[in-house]
Every structure is written in C-alpha cells, then in structure tokens.
Amino acid sequence: MALHDHTLPSSPYYLHPNENPALVLVSPVLSSSNYHSWSRAMTMALLSKNKLQFVNGTITVPLRTDPLYSAWERCNTMVLSWLHHSISPSIMNSVLWLDFASDVWRDLRERFSQGDVFRISDLQEEINSFKQEDRSVTDYFTELKILWDELMNFRPIPVCSCPTSCSCGVFATLQKYHDNDYVIRFLKGLHDRFAAVRSQIMLIDPLPTINKAFSLVIQQERHLLAASSSQLFVSNTLRQHPSSRKSQPKSASDSRQCTFCGKSRHTVDTCYEKHGYPPGYKSRGRTSRAHAVLTDGEAPSLDASQSVAILPPDSPVTLTQDQLQQLLTLLPSSTSPTHVTNTASSLPLQPSVSSGPSIFDDDWYS
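Position 38 of the sequence shown, counted from 1, bears residue number 424 in our numbering, the numbering being contiguous throughout.
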C-alpha cells in the first residue's frame, strides 16, 4: 500500500530531499494571543506537505521493529523542527523536550485553545462598539471580520451529530440568525455619511449576505469620493482664477481711446468726464470728483487764484462776486457751454487744475 511505502510521493512517510528542518512554515509565529489563527495556518501548511497526520494522532508510533519506524522517526523529527521554528522562543522552550510532534500539538491546543470567557466578553464588547470613524470601508470591514471570526471560533455554529440528518431546519435557522447579525453589526458601525445606503439595505427582505452588503456600501463610497473630488476641483479652480475685475491686471495692449476726452483705456460710453463721476470717486492722490460733469467742448479756463471744491449734491452753491462775474463773462462767448455742478470756493487757493500731471491718467477701469 502507498501508505506504507515511504518511497512514494503520495505517502505521508515520504520526505522530499529539499525539505528543510529550519523552515518557518507560518508567520507570525505562535504567541500567547494568536493561537487560533496560528493553528489554522499551521494546519494548512502541514496538510499541504502531507504531514498533518503526524500531529492529529492519525499515525501512531510504530514499534521499533517495524520497517516503517525509521521513516516515521525522520518525519516526526522534521515536523517537530517545523513546530519549534513556528512558535515564539518563550513557548518553544516549554515544549522543547517533548519527543513526539503529536504531543507538542496537543499541549499547545490544551494551553491556548480553551474558550476564554474573558476573551469572549472582550470580543463581544469590541464588536458591538466597533465603528468605522475615519477608516475606509475596506479597512473597517476587514478589522470587523477579524473580530467576528475570532468570536465564531470560540462560539461556532453547532452542527447536527445525529445518525440521521434532522429535518426540522433548526440549524439552518441558527445559521441565518448568525449571518443577519453579522450584516446588521457591519451596517450599524458605518459612518453617518452612509446613512442612506444603510437604510436601503436594512429594508431589503431578506437581508443580503455580508459580501453583498459590503459590495453595495463600497459602491456608495466610490460615488461619494468622486463627488468630493469634483467639488474640490471646482473650489481650487475658483481660488486660482478669481472673477474680481480688480484682481485682473490692465492689459498693456489695450487700444481703446475715448473720442470725447482723448484719453486711452476707455471709450466715450464710459467716459467719466462726459457722463459724470460716481459718488465718492477719488482720483489717485487727489480730491474727490464725484458729480462733476463736462459736456462736449473745451473745459473752462480758471485762474490760479480760483479753486474747485466738491460738495454733496444737495449743498447750496456759493460764489464770490468776482467768480460770478467771470462766469457771466464766459457764458455768451461759448457755443458749447461747459457746466460745472456742485462747485464752491470753500478751499484755499490751489494751482490750476490744468497745471501739472493730468488728474485723469490711469484712472479708468477696463
């Protein structure tokens, strides 16, 4: 039989020449708090090497006179070495002097696999209080699944051990309750931004599986991320390109020229000299010129002894006798009279407004 022929690769007694006794089969190694995950990983590793029977008691120790004894001894020593290298040094020292791999396996199981009531209570509390917070949906689901699987390892769903299968369906009902509890716990721990999709899933009858619920939530997360990215792009665009006219520099190639006053960077339609200055308007470094309007024609010639002051629209006009006489002298001689409104001589003597740099240079907005 192949079971007893250690030269056949299908035999559990067969050792490949490349097998290494110093090999670490699983990572992380066994510690005081990860026995269940370590045990499952180690079981899979030994099963893949066809050596699980040496630790679960299926293959017993043969007699020394048995032809298979030498093959068994080699395999037992190899499995022992794998176990020693797959547990932490402190635990390894406690099983170093055990001769059989099955004894090491049983000792570790008895010490670390018992259903710890304190650990079960901690797991239940962690699961019930576990929230997504700032985690992604994937990270949140993964961490919750680790806790849930560990609890189920302590409290597995019972299976029927009757000689004939039960027909009442109680175990199927227990499994359904277990699956629904898992879905509900996952949904209740989600962030409030998933409140809409959470309500929709919980209204489905029957509840979807945990994987289906995860798929629906992850789609909603992608939708929210896409919407957030679009809003961020628009916000950055507006911040980099403000629409305020004052923030836009004047174009050096602006070729507009007013046909009324002859100045550049504006047209006659927006000429302040023709249509009047807006309330509170001030030229650069000079007094306010609000409510001053000039019509077509030449500007009035004022002496250096005269000054112009701007008053509110409802202020009375006050002129000296000399100023009034000069104005009366100018009126008959002008075919296109120039009107100056809301002016008074309340200011001290100033140089003529026509002297020095023009008060209208660069005062136009494009």
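Think of the CB as a built atom: it goes at the ideal place given N, C-alpha and C, for glycine as much as any other residue.
Computed from a predicted model, the values in this text were never measured in an experiment.
{"query": "Bridge-paired residues (DSSP) for I756", "result": "In this structure the chain extends from 387 to 752, so residue 756 is not present and cannot be described."}
{"query": "Straight-line Cα distance separating L469 from L411", "result": "8 Å"}
{"query": "Spatially closest choice to Q518 from A558, R579, V556, by CA coordinates", "result": "R579"}
{"query": "9 Å Cβ cutoff met for Y421 and L494", "result": "yes"}
{"query": "Coarse secondary structure for S650, derived from DSSP in three states", "result": "strand"}
{"query": "Simplified DSSP assignment, three categories, for Q643", "result": "strand"}
{"query": "Element boundaries [alpha helix (DSSP H), containing H402]", "result": "Here H402 belongs to no alpha helix (DSSP H), and DSSP marks it neither H nor E."}
{"query": "Environment of A558 [buried if 16+ CB atoms lie within 10 Å]", "result": "exposed"}
{"query": "C-beta contact flag for L593 and N566 at 9 Å", "result": "yes"}
{"query": "Environment of E659 [buried if 16+ CB atoms lie within 10 Å]", "result": "buried"}
{"query": "Beta-carbon separation (whole angstroms), A487 vs F440, contact threshold 8 Å", "result": "5 Å"}
{"query": "Bounding residues of the alpha helix (DSSP H) (the contiguous stretch that carries F440)", "result": "F440 -> no alpha helix (DSSP H), and no H or E assigned at all."}
{"query": "Buried or exposed (CB count within 10 angstroms, at least 16 for buried), S472", "result": "buried"}
{"query": "Contact between the stretch 505-519 and the stretch 528-547 (3+ Cβ pairs under 8 Å)", "result": "yes"}
{"query": "Straight-line Cα distance separating T446 from L484", "result": "15 Å"}
{"query": "Alpha-carbon spacing of C657 relative to Q711, whole angstroms", "result": "31 Å"}
{"query": "Boundaries of the alpha helix (DSSP H) in which H422 is found, first to last residue", "result": "421-434"}
{"query": "Residues near D689 in its chain [Cβ-Cβ closer than 6 Å; skip 5 each side]", "result": "Caution is warranted here: a pLDDT of 47 is assigned to D689, below 50, making its placement in the model unreliable, and the coordinate value is therefore given only provisionally. Cβ within range, chain order: n/a, list empty."}
{"query": "Distance between P414 and I570 (C-alpha atoms, nearest Å)", "result": "31 Å"}
{"query": "Contact set for S474: own chain, Cβ-Cβ below 7 Å, skip 5 residues either direction", "result": "V415, L416, S417"}
{"query": "Buried versus exposed, by CB contacts within 10 Å (16 or more), H609", "result": "exposed"}
{"query": "Whole-Å CB distance - A457 paired with H392, under 8 Å assumed", "result": "4 Å"}
{"query": "I543 - DSSP class collapsed to helix/strand/coil", "result": "coil"}
{"query": "As assigned by DSSP and simplified to three states, the class of Y563", "result": "helix"}
{"query": "Residues near S476 by beta carbon distance below 6 Å, same chain, minus five either side", "result": "none"}
{"query": "Contacting residues, own chain, Cβ-Cβ under 6 Å from R450 (five flanking each side not counted)", "result": "none"}
{"query": "Rounded separation between S515 and L530 - CA only", "result": "11 Å"}
{"query": "Distance between D520 and W750 (C-alpha atoms, nearest Å)", "result": "Model confidence at W750 stands at a pLDDT of 48, short of 50, so the residue's coordinates are unreliable and nothing is read from them."}
{"query": "Exposure label - N406; buried when at least 16 CB within 10 Å", "result": "exposed"}
{"query": "Cutoff 7 Å; reference C644; Cβ partners in own chain excluding five residues on either side", "result": "H652, T653, V654, C657"}
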